[in-house]
Amino acid sequence: MNIKILEALLFLKGQEGIKISELGLILKKSKKEIIKNLEKLDDFLIKTESPFIIKNIEDFYWLSVNQEIGLELTKILKKDVSIRLSKSLIETLTIIAYNQPTTKADVEKIRGFGAEYAFAKLIDYNLIEDLGIDKNRKGNPRIYQTTFYFLKLFNLKSLSDLPVLKKDFLERTEELNLLDYQNENDLKLNYHNNIREKEVKKISENENELKDFQVDDIKNNFEKTIEIDQNEL
366 MNIKILEALL
376 FLKGQEGIKI
386 SELGLILKKS
396 KKEIIKNLEK
406 LDDFLIKTES
416 PFIIKNIEDF
426 YWLSVNQEIG
436 LELTKILKKD
446 VSIRLSKSLI
456 ETLTIIAYNQ
466 PTTKADVEKI
476 RGFGAEYAFA
486 KLIDYNLIED
496 LGIDKNRKGN
506 PRIYQTTFYF
516 LKLFNLKSLS
526 DLPVLKKDFL
536 ERTEELNLLD
546 YQNENDLKLN
556 YHNNIREKEV
566 KKISENENEL
576 KDFQVDDIKN
586 NFEKTIEIDQ
596 NEL
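Each residue of the sequence shown is one higher than the one before, starting from 366 at the first, in the numbering used here.
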């Protein structure tokens with residue numbers, strides 16, 4: 366198989382990514398052959414010092430700018446518009462992540478107050494999605510879950526990579542933060558119009574330990590500053 370063809374297909378799919386099964390249908394190759402050649406392509410990109418790297422979540426693969434080049438582009442372009450996720454948004458996102466699919470009412474019950482604004486903002490940021498009405502629940506409420514982009518943003522292979530809460534979810538709301546935030550401005554999302562790579566870095570050297578799990582438990586996936594592509598929102 367010509368790995369350049371494989372590279373071109375990944376490029377054409379952009380940040381949307383492409384499944385191994387779809388690559389197999391296009392190239393008329395088995396899953397095993399596709400994976401083998403993706404590994405070859407990955408090695409080739411590294412050896413040739415390409416600005417691109419291959420990333421994947423489960424069976425989805427895509428090309429992304431490597432960290433070094435991404436940081437250089439950030440310096441060159443100097444086009445960033447910053448917003449900040451408040452502590453309430455982080456809490457809401459965490460509750461949804463650990464209890465999905467879920468409803469606004471369920472989240473509000475856990476948090477103790479309304480979550481309408483938080484849901485609207487998280488949908489706007491493409492971190493959660495509306496799955497529609499659940500006819501099996503009383504009142505036919507709308508249900509929500511985190512998005513594929515949520516996994517990509519936090520560099521998770523799947524939801525199983527989230528740290529395991531040690532006690533019952535509904536009884537330990539104090540454990541629901543993905544990070545132990547000092548204030549509402551601890552998490553900042555920087556938008557770069559022309560940068561697809563999400564660079565992750567700390568904005569503070571003095572991180573507090575989580576009550577029952579450490580950032581290391583999820584391989585530092587949830588850091589305090591996350592740069593994302595504005596075009597993906």
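Beta carbons are placed, not taken as given, at the ideal position from N, Cα and C, and that holds for glycine.
Pull up the DSSP beta-bridge partners for Arg-507, would you.
Translated into the one-based positions of the sequence shown, residue 507 becomes position 142. Arg-507 pairs with Ile-498.
Three-state secondary structure assigned by DSSP to Thr-459:
Residue mapping note: residue 459 aligns to position 94 of the sequence shown, counting from 1. Looking at Thr-459 - three-state DSSP - the assignment turns out to be helix.
Between the C-alpha atoms of Gly-497 and Ile-508, what's the straight-line distance to the nearest angstrom?
Along the sequence shown, one-based indexing puts residue 497 at 132. Along the sequence shown, one-based indexing puts residue 508 at 143. Roughly 6 Å separates the two Cα atoms.
In the DSSP assignment, find the unbroken beta strand (DSSP E) run with Phe-484 in it and report its ends.
As a first step, residue 484 must be located in the sequence shown, where it is residue number 119. No beta strand (DSSP E) holds Phe-484; the alpha helix (DSSP H) holding it covers 481-489.
Entirely within the stretch 380-462 and at least 4 residues each: give me those alpha helix (DSSP H) ranges in chain order.
385-392, 396-412 and 432-442
According to the Cβ coordinates, are Leu-392 and Ile-383 closer than 8 Å?
The residue labelled residue 392 in the question sits at position 27 within the sequence shown. The residue labelled residue 383 in the question sits at position 18 within the sequence shown. Cβ atoms of Leu-392 and Ile-383: not closer than 8 Å.
Sub-8 Å separation of Tyr-463 and Leu-492 beta-carbons:
Along the sequence shown, one-based indexing puts residue 463 at 98. Along the sequence shown, one-based indexing puts residue 492 at 127. Against a cut-off of 8 Å, the Cβ pair of Leu-492 and Tyr-463 comes out as no contact.
Own chain partners of Glu-481 with C-beta closer than 6 Å, once the 5 adjacent residues on each side are dropped
Mapped onto the sequence shown, residue 481 falls at position 116. Cβ neighbours of Glu-481 beyond the five flanking positions: none.
Would you call the stretch 424-442 and the stretch 472-491 touching, i.e. three or more CB-CB distances under 8 Å?
no
So, are the CB atoms of Ile-399 and Ile-385 less than 8 Å apart?
Counting from 1 along the sequence shown, the entry for residue 399 is found at position 34. Counting from 1 along the sequence shown, the entry for residue 385 is found at position 20. Closer than 8 Å, so yes.
Leaving out five residues on either side along the sequence, give the residues of the same chain with a beta carbon under 7 Å from the beta carbon of Lys-522.
On the sequence shown, residue 522 is found 157 positions in, with the first residue counted as 1. The answer, listed in chain order, is Ile-422 and Glu-423.
Boundaries of the alpha helix (DSSP H) in which Phe-519 is found, first to last residue
Numbered from 1 along the sequence shown, position 154 holds the residue referred to as residue 519. Neither: Phe-519 is in no alpha helix (DSSP H) and is coded neither H nor E.
Cutting at 7 Å between CB atoms, please list the residues of its own chain near Lys-401, excluding the five before and the five after it.
Counting from 1 along the sequence shown, the entry for residue 401 is found at position 36. There are no such residues.
Inter-residue Cα distance where the pair is Arg-476 and Ser-415
Here residue 476 corresponds to residue number 111 of the sequence shown, with the count starting at 1. Here residue 415 corresponds to residue number 50 of the sequence shown, with the count starting at 1. The straight-line gap from Cα to Cα measures roughly 46 Å.
What does a CB cutoff of less than 7 Å around Phe-409 pick up in its chain, not counting 5 residues either side in sequence?
On the sequence shown, position 44 is the one that residue 409 refers to. Excluding positions up to five away in sequence, the list reads Ile-368.
Is Ala-485 near Thr-457, with beta carbons less than 8 Å apart?
Counting from 1 along the sequence shown, the entry for residue 485 is found at position 120. Counting from 1 along the sequence shown, the entry for residue 457 is found at position 92. Cβ atoms of Ala-485 and Thr-457: not closer than 8 Å.
How many angstroms separate the CA atom of Arg-502 from the CA atom of Leu-428?
Your numbering for residue 502 matches position 137 in the sequence shown. Your numbering for residue 428 matches position 63 in the sequence shown. Answer to the nearest angstrom: the Cα atoms are 40 Å apart.
By Cβ distance, which residues of its chain are closer than 8 Å to Ile-418, with the 5 residues on each side in sequence left out?
Position 53 of the sequence shown, counting from 1, holds the residue named residue 418. Excluding sequence neighbours, Ile-418 sits near Asp-407, Leu-410, Ile-411, Leu-428, Ser-429, Val-430 and Asn-431.
Between Gly-389, Thr-468 and Lys-452, which lies nearest to Asp-499 when the distance is taken from Cα to Cα?
The residue you call residue 499 lines up with position 134 of the sequence shown. Closest by alpha carbon: Thr-468.
Relative to the alpha-carbon of Ile-488, which residue among Gly-504, Asn-505, Glu-372 and Ile-461 has its alpha-carbon at the smallest distance?
Taking the first residue of the sequence shown as position 1, residue 488 is located at position 123. Checking every option, the nearest Cα to that of Ile-488 belongs to Ile-461.
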